[in-house]
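Following: one structure in structure tokens, then a few remarks.
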Amino acid sequence: MSSDFDDSIWEIVPEAGREPEAWLAELAVSFADGAEAVLDLGCGDGLYMQALGAAGARVYGADRSAVALARATARVPAAVLHEVDSDERLPLPDNCVERVWCCDTIEHVVDTQTVLSETRRVLVPGGELLVVTPDHPRRLRMRLALRGWEEHFDPFSPHLRFYTARSLSGALVDCGFDAPAVERRGEVLVARARRP
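Just so we're aligned, residue 8 is where the sequence shown starts under the numbering used here, counting upward by one.
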């Protein structure tokens, strides 16, 4: 099930010295506050799992890379981790978590609809999803149109999807989430949406 491509990326990421961005760690703590169970979807090496569990939530993680999950196990031994493929069902029961954290993941996904639908399935009714992904606002798109796409859209990049606030909001609504709120934070989008 492990992706050789994903594993090869994680093999070149240094194991030591990776620290979460402070504002994202603070966001993770506040996002997980009050939840009994949180899923870190696309958890990678578990960079934000400690923050997600800081308020006492049980932390689950899911990722495509066995290399990343081995690092996540070392970082957060109490987390329950699952190796998954992006086009398969998550190995979690329906309605089992109150929050899903999806940071720097959705842009790497082949089948966005399956991932968002599975996220909705594992969330309890009223549960919340938080997505963090690179932003592609109008000014960036205009700059790319003038300078050329090749510098930004590297054909060997692991990024497969590119979002604007409108396209991310639309994808969330199309997959059954209520009233997503999308804000720009520097060069990223932060979207929050609820399962009805």
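Glycine included, every Cβ here is placed at the ideal spot set by N, Cα and C.
Residue burial classification, residue i (beta-carbon count within 10 angstroms, cutoff 16)
i: R106; result: buried
i: W17; result: buried
i: R192; result: exposed
i: E95; result: exposed
i: E43; result: exposed
i: V189; result: buried
i: R25; result: exposed
When the options are compared against residue i, the one with the closest alpha-carbon
i: G41; options: A62, C109, A35; result: A62
i: V74; options: L59, V83, D52, E95; result: D52
i: D101; options: G177, V122, A186, R127; result: R127
i: D3; options: E194, L34, R78; result: This structure leaves residue 3 out entirely; the chain is present only between 8 and 203.
i: D14; options: M56, D92, R199, E125; result: D92
i: T112; options: R71, A188, E190, L34; result: R71
i: L34; options: A23, M56, V87, D118; result: M56
i: A79; options: D11, T171, A23, L196; result: A23
Alpha-carbon spacing of residue i relative to residue j, whole angstroms
i: A58; j: A64; result: 10 Å
i: S47; j: C109; result: It should be noted that the sequence gives Asp, not Ser, for residue 47. Cα-Cα distance, rounded: 6 Å.
i: H89; j: V83; result: 13 Å
i: I19; j: G60; result: 27 Å
i: L179; j: G134; result: 14 Å
i: V131; j: G177; result: 21 Å
i: Q120; j: D181; result: 9 Å
Contact check, residue i vs residue j, beta carbons under 9 Å
i: G49; j: A32; result: no
i: L54; j: P27; result: yes
i: F169; j: E114; result: yes
i: A81; j: V66; result: no
i: L99; j: F184; result: no
i: R201; j: L97; result: no
i: V116; j: V45; result: no
8 Å contact criterion, which residue i and residue j should meet: CB distance rounded
i: V139; j: L175; result: Not really, about 10 Å apart at Cβ, beyond 8 Å.
i: R199; j: P187; result: 7 Å
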